[in-house]
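Protein chains in written order, with the working numbering: chain G, 1 to 335; chain D, 1001 to 1233. Cβ atoms here follow ideal geometry from the backbone N, Cα and C, with glycine treated the same way. All values reported here derive from a predicted model rather than from experimental measurement. First the structure, in the form of C-alpha cells, and then the observations on it.
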Amino acid sequence: MTALISVLKPGLSTTLQDLGRYGHQRFGVLVNGAMDTWSHRIANRLVGNDESAATLEITLVGPNLEFDADALIALTGGELDARIDGRAIGGWRPLLVRAGARLELGRVTLGARAYLAVAGGFAVTPLMGSRSTYLRGGFGGFQGRALVAGDRLAAGPDADLRRYADLWTRFEAGDGAFVQPPWSVARKLAWPFDATVPIRAVPGPQWQRLDAESRRRFAYDEFRVGTDSDRMGYRLDGPRLRLSTPLEMLSDATDVGLVQLPPDGRAIVLMADRQTTGGYPRIAVVSTVDLPRLAQLLPGQRLRFAPITLAESQALLLAREAELRAIARAIEAKR
Amino acid sequence: MPPPRLYPLGDRALVVEFGQGIDAAVNARVHALAALLDAEPLPGVVDLIPAYATLTLVYAPSAFADAGRAPYDTLCGHLRARLARLEAWTPPPAHTVEIPVCYGGEYGPDLDEVARHAGLAAEEVVARHAAPRYRVYLLGFAPGYPYLGGLDPRLAAPRRATPRRRCPAGSVAIGGEQTGVYPLETPGGWNLIGRTPRRLFLPGAEPPCLLAAGDEVRFVPITPAQYAAWSAA
C-alpha cells in the first residue's frame, strides 16, 4: 500500500520541490526546484528514488506529519530536532516508519533547509515536467502552495519498502514506530559545506565593468545575507559595488547563482525562484558546486566569494558529480 | 552578418550573442538558432532562453565531459557546427496570433489619460494600437509575459506615478515606449488601455503560453458584449 501522510502542523514554509522545471524558460516559466539540490538528491537516493523525484523542502521550522501507512523515508540537509513518537531519529539514512507513527520536526539548528524523501516519491501530477512548487505563481507541487494543516500527501506506487533487507527484517519482527540502520552517509560527505571556505564564483559578462576597487572588494571583503532574502534571491549586505561607468542593459537571460548588480550597488544572488530574464549587470555566477552551501545560509550570516576560472568551476562540478555517484554506490551496497 | 560571439554565463550556461540593442533582424537570428536547436537538439542542453540579441543555452556540464577539455569548450565545438548551418537554414515561418482586446471603460481605465497625453482622441489611440503587427522579442519577467516591439511612438506614455496594486490578468498596457499584456494578476505601473479575454498562460497546457518568442501579434478591438461572450465560452 502506498503511504499517505497527513499534515498535523505545516512548519514555516514546507513545499514540494524537485530538480526544477527546465525546458520552459523560453516562455518565461521559472525553474523553481530544491534550493539545496545536493541534500535533495541524496535523500532520494537513500529511499531508492530517482533523483528527480519530489521531496519536501523544509524551511527553518519543520512540520509534524502522521503516517497512515508504512513508509521508507530519509531526512537530509540542515540539522534539526527530529523525533518519531518522541524518540530522536538520525538524518542522512533510511528509516522504516510504521503506520500511525508521528514524525515531529522542530527548528533547523544548522543550515536553513532540510529535505524529506519518501520511497515512491510524493505523488502529485507534474506540471510542465516538474513537481516543484512555484509559490508566487501559485502552481506546481501540492496545489501550488506551502503545506497547511489537514493536507494529505500520497507516495507514488513504486515504493520498495524491502529495499534494505536487514532493516525490513527488523521492521517485520518488531512493533516499534520505526527502525533505522546504524549507518548514515558520512558527515564529511553529507555536509561538504565548510562555512569558512569562500563561495566560489566565475566572473560574469560585466565583471570587467566593475571598477578595480569593487572587483577587489568582491574577491576579498565579507558580505552578509540580507534580511530581505528568500527563494527568489539573496540580497547581499556589506560593501557596495560600483561600475566604472553606468551601463544601460536590456533584459537578458538569468541563471541560478547569477550575481546581479542593481544601481544601488547591493548585489543580488539569484536563487531557485528567480525570474528567467533580468536587466541588471551580471558581474559573477556562483559555482554550481557551491549553490547548496549558499542555500543553507540564513539571513544575517556572513560569506565571502572567491573568483575562480570557468575551467576550475567545471572541474569542481565534475568531481562533485563523481562523489555523488560514489555515495550512490555505497548506499546500494547497503541493500 | 558577422558570426555571433560565444561566452559563458557561469559553469552551466553559454550565451550566443548576435548583436546589440533592440533590432528585429538580430532578434530574428536568435529565434532562428532556437528553432534550429529544437529541430536538431544538442543532448545535454536542458533549456534555451531567447532574449533581444542573445540565445542562452543552459546545459549539464557532465554531458559534455571530455578528457582534457572543459565541458564549455566541448559544447562550443558542437555549437559552432550548428551555427555554420544557420545562414542556410530556413526557420519555420513566424506565427501570427490575434489577441482580442476590449479597449477603454472598465477594461482600460487609463485609455483617456493615454489619449490626453498623446493629444489624440481615444478612438484614434485604439486604431493606432491595433494597427501594427508587433513582434514578440522575448517572454520573461513572468510566465507568458511578452516583450513586444512595434508600438507607435505617438502612443508612448509615462508610467503612472502610483502603481496599481492589482492589474487584472489580460490587461493590455502601455509603459513608456513599450506595450504588453499581463498574463496574471499582478501589481503594475503601466497604463491600462484594455483587456483581453484570452488566457496568455495556462500552467497545465503544452505549450503553456499563447505566445512564443518570435511570434507576431495583432490586437483586434472587440466590444464589451464580445468580451463577455468570449469569457463565457
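Can you name the start and end residues of the beta strand (DSSP E) that D:L1202 belongs to? Per DSSP, D:L1202 belongs to no beta strand (DSSP E) and is neither H nor E.
Starting from the C-beta of D:P1292, find all residues in its chain whose C-beta is less than 8 Å away, skip the five residues before and the five after it, and write them out in chain order. Here chain D has residues from 1001 to 1233 only, and residue 1292 of chain D is not among them.
Locate the alpha helix (DSSP H) running through G:I42, then write down its first and last residues. First-last of the alpha helix (DSSP H) with G:I42: T37 to L46.
Counting pairs of Cβ atoms below 8 Å between the region 213 to 225 of chain G and the region 114 to 128 of chain G, do you hit three or more? Segments in contact, no.
Looking at chain D, which residues of the region 17 to 29 of chain G have a Cβ within less than 7 Å of any of its Cβ atoms? Those residues of the region 17 to 29 of chain G that come within reach of chain D (Cβ to Cβ, closer than 7 Å) are Y22, G23, H24, Q25, R26, F27, G28 and V29.
Establish whether the CB of D:S1062 and some CB of chain G are separated by less than 8 Å. Yes, contact with chain G.
Decide yes or no for the touch test of the region 95 to 114 of chain G against the region 55 to 71 of chain G: beta carbon pairs closer than 8 Å, at least 3 of them. Because the criterion of three Cβ pairs below 8 Å is met, the region 95 to 114 of chain G and the region 55 to 71 of chain G touch.
As assigned by DSSP and simplified to three states, the class of G:E213: In this structure, G:E213 counts as helix in the three-state DSSP scheme.
Taking 8 Å as the CB-CB limit, is G:G137 close to chain D? Yes, contact with chain D.
Cα-Cα separation, D:L1151 to D:V1181: Their backbone Cα atoms lie some 13 Å apart in a straight line.
Beta-bridge partners of G:E66, as assigned by DSSP: Residue pairing from DSSP places G:E66 in a beta bridge opposite G:S6 and G:R102.
Amino acids of chain G, ordered along the chain, whose beta-carbon sits closer than 8 Å to that of D:Y1147: Those within 8 Å of D:Y1147 in chain G are S251.
Note the first and the last residue of the continuous alpha helix (DSSP H) segment covering D:L1075. It spans P1071 to A1084 - the alpha helix (DSSP H) in which D:L1075 sits, taken as one unbroken run.
For D:W1089, tell me which candidate among D:L1037, D:P1050 and D:V1125 has the shortest Cα-Cα distance. Relative to D:W1089, the option among D:L1037, D:P1050 and D:V1125 whose CA is nearest is D:L1037.
Spatially closest choice to D:L1184 from D:G1176, D:I1099, D:R1198 and D:A1130, by CA coordinates: The shortest CA-to-CA distance from D:L1184 to any of D:G1176, D:I1099, D:R1198 and D:A1130 is the one to D:R1198.
C-alpha distance - G:N49 paired with D:A1130, whole-angstrom precision: Straight-line Cα distance between these residues: approximately 52 Å.
Along chain G, which residues have their Cβ under 9 Å away from the Cβ of D:R1164? Residues of chain G whose Cβ lies closer than 9 Å to the Cβ of D:R1164 do not exist, since the nearest Cβ in that chain is about 18 Å away.
Rounding to the nearest angstrom, what Cα-Cα distance links D:A1225 and G:R266 in this structure? The alpha-carbon atoms of D:A1225 and G:R266 are separated by roughly 50 Å.
Please work out which residues of its chain come closer than 7 Å, Cβ to Cβ, to G:P203, disregarding the five sequence neighbours upstream and downstream, and give them in chain order. Closer than 7 Å at the Cβ level, and outside the excluded window around G:P203, lie A284 and P307.
Could you name the residues of the region 262 to 295 of chain G whose beta carbon sits closer than 9 Å to any beta carbon of chain D, in the order they occur along the chain? The region 262 to 295 of chain G vs chain D, Cβ under 9 Å: Q275, T276, T277, G278, R282, A284, V285, V286, S287, T288 and V289.
From G:D158 to G:G78, what does the alpha carbon distance come to, in whole angstroms? Taking the straight line joining both Cα atoms gives about 27 Å.
Hey, out of G:R83, G:R26, G:A119 and G:V185, whose CA is closest to G:W38's CA? It is G:V185 whose Cα lies nearest to the Cα of G:W38.
Along the chain, where does the beta strand (DSSP E) that runs through G:D81 open and close? For G:D81, the enclosing beta strand (DSSP E) begins and ends at A71 to I84.
Three-state secondary structure (DSSP) of D:A1039: Helix.
Would you call the region 1212 to 1225 of chain D in contact with the region 1136 to 1145 of chain D, where contact means no fewer than 3 C-beta pairs closer than 8 Å? Yes, the region 1212 to 1225 of chain D is in contact with the region 1136 to 1145 of chain D.
Would you verify that the beta carbon of D:L995 is, or is not, closer than 8 Å to some beta carbon of chain G? Chain D is shown from 1001 up to 1233; residue 995 of chain D falls before or after that span and cannot be answered.
Throw me the rounded Cβ distance for the D:V1114 and D:T1196 pair, which I believe falls under 8 Å. For D:V1114 against D:T1196, the beta-carbon gap comes to about 17 Å, at or over 8 Å, which does not count as contact.
Closer than 7 Å, Cβ to Cβ, to anything on chain D: give me those residues from the region 110 to 134 of chain G, in chain order. Listed by position, the residues of the region 110 to 134 of chain G near chain D (Cβ gap below 7 Å) are L127 and M128.
What does D:I1049 touch in chain G if you count any residue whose Cβ is under 9 Å from its own? Scanning chain G for C-beta atoms nearer than 9 Å to the C-beta of D:I1049 yields Q25, R26, D252, A253, T254, D255, T276 and T277, reported in chain order.
Could you give the distance in angstroms between the alpha-carbon of G:T196 and the alpha-carbon of D:S1062? Roughly 28 Å between the two C-alpha positions.
Alpha carbon to alpha carbon, what distance is there between G:A311 and G:R45? Looking at the two C-alpha atoms, the distance is approximately 29 Å.
Amino acids of chain G, ordered along the chain, whose beta-carbon sits closer than 9 Å to that of D:C1076: Neighbours of D:C1076 across chain G, judged by C-beta separation under 9 Å, do not exist; the nearest C-beta is about 11 Å away.
Under DSSP, the alpha helix (DSSP H) around G:R325 begins and ends at which residues? Bounds of the alpha helix (DSSP H) holding G:R325 are L310 to E332.
Can you name the residues of chain D whose CB is closer than 7 Å to the CB of G:Q314? Going along chain D in sequence order, the residues near G:Q314 (Cβ under 7 Å) are D1011, P1061, A1070, P1071 and Y1072.
Suppose the cutoff is 7 Å on Cβ atoms and the five residues either side in sequence are ignored; what does the same chain contact list for G:A146 look like? For G:A146, same chain residues with a beta-carbon under 7 Å away, outside a window of 5 residues either side, are P10, S13, T14, T15 and L135 in chain order.
Proximity of D:L1014 and D:A1034 at Cβ, strictly below 8 Å: Against a cut-off of 8 Å, the Cβ pair of D:A1034 and D:L1014 comes out as no contact.
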